[in-house]
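Student: Shown below is the structure under consideration.
Numbering (the numbering used here), first residue to last: 7 to 290.
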């Protein structure tokens, strides 16, 4: 087995954790291969681009946290193999273990004591003048929201070619089940189990209380466009990273990606455990 490792270069403690992980994996007879930027930061040679991992490694290990995992989706590209998150801090929704659990993680990986949670990805295409201009992949959500204006904005949402609604709000979120625990949850959307075959539309601070979150089948095609009265451009973001201006005449096509994200889970770890820990559910 070969594990490819990439880190968040801006996160304190990433390099020491990388060295710790590499040592633990090698102790279990597992080969390692570093992403080129991670190798440079660690003072090592021989790294390769993360986009090449799919041809050279069996598992990708991402050191940082949930935000680093989201950025790894773009960095890894079409990577249909297990991805493990090593969180520097407390357990997150997308991470497999913490820094302190690395020896346990290495032993479990060597013994095959883990599972894979297959997560839906979104494919979002920005159209300008009726033609595709840019394409993005999201694990959590895409967002179309107000940009330089402090006022509410007007958006139109269509589903499978049929008008859904005209929204007057701060913006609109289209989320996966994985993303239901992120921005959508903060905006009042429901929690959804990761294996559910659905997509979620959640308005951000809507002008009307009747405009609620809506759960759709995952084979839906959603089209979003700006209808702002003062023609001010809106901002389109993908998992909180890319930021693209959307103006009059542009629209965004959102649908389920043909690829999936394979999140590695250690035995005994689950989405429901993460909910209890992160949300502080104690029962009665």
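Backbone N, C-alpha and C define an ideal beta-carbon position, used for all residues, glycine too.
Since we're looking at a predicted model, the values are computed, not measured.
Once the 5 residues before and after residue 127 are set aside, which same chain residues still bring their CB inside 8 Å of it?
Tutor: If we look at residue 127 and ignore the five residues flanking it on each side, its Cβ neighbours are 79, 143, 144, 145, 182, 262, 263, 265, 266, 267.
Student: Examine the Cβ distances between the stretch 69 to 86 and the stretch 239 to 247 and report whether three or more of them are shorter than 8 Å.
Tutor: Flag = yes, the stretch 69 to 86 and the stretch 239 to 247 touch.
Student: Three or more C-beta pairs closer than 8 Å, one from the stretch 97 to 106 and one from the stretch 171 to 179: is that the case here?
Tutor: No: fewer than three Cβ pairs fall under 8 Å.
Student: Under a Cβ-count criterion, where at least 16 other Cβ atoms within 10 Å of its own Cβ denotes burial, should residue 86 be classed as buried or exposed?
Tutor: Exposed, since its Cβ has fewer than 16 Cβ neighbours within 10 Å.
Student: Consult DSSP for residue 62 and reduce its assignment to one of helix, strand or coil.
Tutor: Note: residue 62 maps to helix in three-state DSSP.
Student: Beta-carbon separation of residue 47 and residue 21 under 7 Å?
Tutor: Against a cut-off of 7 Å, the Cβ pair of residue 21 and residue 47 comes out as a contact.
Student: How big is the Cα-Cα spacing for residue 211 and residue 59?
Tutor: Cα to Cα, the separation comes out at about 40 Å.
Student: For residue 294, which of helix, strand or coil comes out of DSSP?
Tutor: The structure shown does not extend to residue 294, since the chain is modelled only from 7 through 290, so no value can be given for it.
Student: Start and end of the beta strand (DSSP E) containing residue 73?
Tutor: It is not in any beta strand (DSSP E) - residue 73 instead sits in the alpha helix (DSSP H) that spans 72 to 82.
Student: Can you tell me the Cα-Cα spacing of residue 32 and residue 49, whole angstroms?
Tutor: Looking at the two C-alpha atoms, the distance is approximately 18 Å.
Student: Have a look at residue 12 and residue 51 and give me their C-alpha separation to the nearest angstrom.
Tutor: Approximately 14 Å, taken between the alpha carbons.
Student: Could you round the C-beta distance between residue 42 and residue 55 to whole angstroms and report it? I think they count as a contact, below 8 Å.
Tutor: About 6 Å; that satisfies the 8 Å criterion.
Student: Assuming residue 227 contacts residue 259 under a Cβ cut-off of 8 Å, what Cβ separation, rounded to an integer in Å, is found between them?
Tutor: Yes, residue 227 and residue 259 are in contact; Cβ-Cβ is about 7 Å, under 8 Å.
Student: Mark residue 189 as exposed unless 16 or more other C-beta atoms lie within 10 angstroms of its C-beta, in which case mark it buried.
Tutor: So residue 189 ends up on the buried side.
Student: Which residue wins for smallest C-alpha separation from residue 83, given the options 37, 57, 197, 77?
Tutor: For the residues 37, 57, 197, 77, the minimum Cα distance to residue 83 belongs to 57.
Student: Thinking C-beta only, is residue 94 closer than 7 Å to residue 26?
Tutor: In this structure, residue 94 does not lie closer than 7 Å to residue 26 by Cβ.
Student: Along the chain, where does the beta strand (DSSP E) that runs through residue 272 open and close?
Tutor: Taken as a continuous stretch (DSSP letters only), the beta strand (DSSP E) holding residue 272 covers 257 to 272.
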